[in-house]
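**Student:**
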Amino acid sequence: MKSFVPPPVSSPVSLSSPIPSPASLSASLSVSLNGSRSAADGPAVPLSPEALAESALAAVAAGAEEVLVHPRTPCGRESLSPRVVGPVLEVLRRAGVGAALSVPVSIAAEPDPAGRRARLASWTVLPDRAVVHFGEPGAGELAQALLARGVAMDAVVALGGAAGPEPLARFLAWPVREPGRVRLSVELAAADPALVAGLRALPPVPVLLYGRDAAAWPVLRLAARCGTGVRTGVGDVTHLPDGRPARSNAELVAAARDMVAQAVATAASR
Numbered sequence: 002m003k004s005f006v007p008p009p010v011s012s013p014v015s016l017s018s019p020i021p022s023p024a025s026l027s028a029s030l031s032v033s034l035n036g037s038r039s040a041a042d043g044p045a046v047p048l049s050p051e052a053l054a055e056s057a058l059a060a061v062a063a064g065a066e067e068v069l070v071h072p073r074t075p076c077g078r079e080s081l082s083p084r085v086v087g088p089v090l091e092v093l094r095r096a097g098v099g100a101a102l103s104v105p106v107s108i109a110a111e112p113d114p115a116g117r118r119a120r121l122a123s124w125t126v127l128p129d130r131a132v133v134h135f136g137e138p139g140a141g142e143l144a145q146a147l148l149a150r151g152v153a154m155d156a157v158v159a160l161g162g163a164a165g166p167e168p169l170a171r172f173l174a175w176p177v178r179e180p181g182r183v184r185l186s187v188e189l190a191a192a193d194p195a196l197v198a199g200l201r202a203l204p205p206v207p208v209l210l211y212g213r214d215a216a217a218w219p220v221l222r223l224a225a226r227c228g229t230g231v232r233t234g235v236g237d238v239t240h241l242p243d244g245r246p247a248r249s250n251a252e253l254v255a256a257a258r259d260m261v262a263q264a265v266a267t268a269a270s271r
């Protein structure tokens, strides 16, 4: 299957510019299939590799163009083992999921920074992207190791709420040598435009904004107004904008597409 090619950064999103055209936003909707959820979070959470593949296919059909999946062992523990990551990616690809596949490389799956790099080095099946949390130790080295293996990278920085300045400071201190394969993925605690305004001086890389649970839909609406990438999915939120429980990742993606389209239409009418 053809490898995913990240968008070029010759014209990165400006957080102070008007909303781009709908076509430019259509390739920036990501879906987080499962995140840290479990069966206790309801029937919308896909658990087995087969359920993840079915959910991914439906989400892509609804408009998602990137798929984030948290590989797990049969007992439900997040894992970076090649015996877990590889089979999950292969099941999704064999099922016909043509969107870019992304996996997190985080402390939830491997507490030791050196252990995370060792797991990465042992992968025989590579994702298109990997997610690195810059609030965790060793993020810069891990990010560089991913790029060296040819894997594009999302640098996650949390802003607002209990998040301190350290994650953003670590990202700013990390030399972005390959901006064409790096994206800044910002988790906002609230849909605060002041938090977004503070990102305007960052390196010229693509930006994705997302929130979790109560912040998820307000942040997605803000991201649509700013023209950045957006993300939804059971991994981030289990309810629809009107408060109803979501029945699937596809239903969340469809709601996100409607919200982005509404934001674009509103901007165009002004």
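The numbering used here applies: residue 2 is where the sequence shown begins, and numbers increase by one. C-beta atoms are modelled at their ideal positions from N, C-alpha and C, and glycine is treated no differently.
With the cut-off set at 8 Å, would you say residue 257 and residue 233 are in Cβ contact?
**Tutor:** By 1-based counting over the sequence shown, the position of residue 257 is 256. By 1-based counting over the sequence shown, the position of residue 233 is 232. Yes; because the gap between Cβ atoms is below 8 Å, this pair is in contact.
**Student:** Report yes if the C-beta distance between residue 251 and residue 96 is below 8 Å; otherwise report no.
**Tutor:** Your numbering for residue 251 matches position 250 in the sequence shown. Your numbering for residue 96 matches position 95 in the sequence shown. Result no, Cβ atoms of residue 251 and residue 96 do not sit closer than 8 Å.
**Student:** What's the call for residue 56, buried or exposed, on a 16-neighbour Cβ count within 10 Å?
**Tutor:** For this step, residue 56 is matched to residue 55 along the sequence shown. Buried, because 16 or more other Cβ atoms sit within 10 Å of the Cβ of residue 56.
**Student:** What do you get for residue 119, buried or exposed, if any count of 16 or more other CB atoms within 10 angstroms of its CB means buried?
**Tutor:** Start at 1 with the first residue of the sequence shown, and residue 119 comes out as number 118. Exposed is the call here.
**Student:** Tell me where the alpha helix (DSSP H) around residue 89 begins and ends.
**Tutor:** Residue 89 sits at position 88 when you count from the first residue of the sequence shown. It spans 83–95 - the alpha helix (DSSP H) in which residue 89 sits, taken as one unbroken run.
**Student:** In or out: residue 126 buried (at least 16 other Cβ within 10 Å) or exposed?
**Tutor:** In the sequence shown, counting from the first residue as 1, residue 126 sits at position 125. Exposed, since its Cβ has fewer than 16 Cβ neighbours within 10 Å.
**Student:** Please determine, among 231, 109, 90, 179, the residue with the shortest C-alpha to C-alpha distance to residue 101.
**Tutor:** By 1-based counting over the sequence shown, the position of residue 101 is 100. Among 231, 109, 90, 179, the Cα nearest to that of residue 101 is on 90.
**Student:** Based on the DSSP secondary-structure assignment, which residues constitute the bridge partners of residue 154?
**Tutor:** Counting from 1 along the sequence shown, the entry for residue 154 is found at position 153. Beta-bridge pairing links residue 154 to 131, 183.
**Student:** So residue 236 packs on residue 71, CB below 8 Å; how close in whole Å?
**Tutor:** In the sequence shown, residue 236 corresponds to position 235, counting from 1. In the sequence shown, residue 71 corresponds to position 70, counting from 1. The Cβ separation is near 7 Å, so the contact holds.
**Student:** Where does residue 201 fall in DSSP's three states?
**Tutor:** By 1-based counting over the sequence shown, the position of residue 201 is 200. Three-state result, residue 201: coil.
**Student:** In chain order, what residues of the same chain have a beta carbon less than 6 Å from the beta carbon of residue 112, not counting five sequence neighbours either side?
**Tutor:** Along the sequence shown, read from residue 1 onward, the residue named residue 112 stands at position 111. Closer than 6 Å at Cβ, skipping near neighbours: no residue.
**Student:** Excluding the 5 residues flanking residue 138 on each side, which residues of the same chain have their C-beta closer than 7 Å to its C-beta?
**Tutor:** Your numbering for residue 138 matches position 137 in the sequence shown. Correct list, in chain order: 114.
**Student:** Quick check: what's the CA-CA separation for residue 121 versus residue 268?
**Tutor:** Looking up residue 121 in the sequence shown gives position 120. Looking up residue 268 in the sequence shown gives position 267. Straight-line measurement puts the Cα of residue 268 at about 43 Å from the Cα of residue 121.
**Student:** Look up residue 229 in the DSSP assignment and say whether it is helix, strand or coil.
**Tutor:** Counting from one through the sequence shown, the residue named residue 229 turns up at place 228. Of the three classes helix, strand and coil, the one that applies to residue 229 here is coil, per DSSP.
**Student:** Taking residue 273 as part of the beta strand (DSSP E), name the residues at either end of that continuous run.
**Tutor:** Outside the displayed span of the chain (2 to 271) sits residue 273, for which this structure offers no information.
**Student:** What does residue 69 pair with, by DSSP beta-bridge criteria?
**Tutor:** Start at 1 with the first residue of the sequence shown, and residue 69 comes out as number 68. Residue 69 is bridged to 33, 103.
**Student:** Any contact of the region 204–216 with the region 177–190, i.e. 3+ C-beta pairs under 8 Å?
**Tutor:** yes
**Student:** On the DSSP bridge assignment, give the partners of residue 159 in chain order.
**Tutor:** The sequence position of residue 159 within the sequence shown is 158, counting from 1. DSSP output for residue 159 lists 188 as bridge partner(s).
**Student:** Rounded to whole angstroms, what is the Cα-Cα separation between residue 248 and residue 238?
**Tutor:** By 1-based counting over the sequence shown, the position of residue 248 is 247. By 1-based counting over the sequence shown, the position of residue 238 is 237. Rounded to the nearest angstrom, the two C-alpha atoms are 11 Å apart.
**Student:** May I have the straight-line CA-CA distance separating residue 212 from residue 220, to the nearest angstrom?
**Tutor:** Walking along the sequence shown from the start, residue 212 turns up at place 211. Walking along the sequence shown from the start, residue 220 turns up at place 219. Roughly 6 Å between the two C-alpha positions.
**Student:** Going by CA-CA distance only, name the one from 76, 64, 152 that's closest to residue 39.
**Tutor:** The residue labelled residue 39 in the question sits at position 38 within the sequence shown. The residue with the shortest Cα to Cα distance from residue 39 is 76.
**Student:** Is residue 93 closer than 8 Å to residue 54 when the C-beta atoms are compared?
**Tutor:** By one-based count along the sequence shown, residue 54 stands at place 53. By one-based count along the sequence shown, residue 93 stands at place 92. It is a contact, given that the beta carbons lie within the stated cut-off.
**Student:** Between residue 30 and the rest of its own chain, which residues show a CB-CB distance below 8 Å, the 5 nearest in sequence each way excluded?
**Tutor:** As a position in the sequence shown, residue 30 is number 29, starting the count at 1. Excluding positions up to five away in sequence, the list reads 64, 65, 66, 67, 230, 231, 232, 233, 254, 257, 258, 261.
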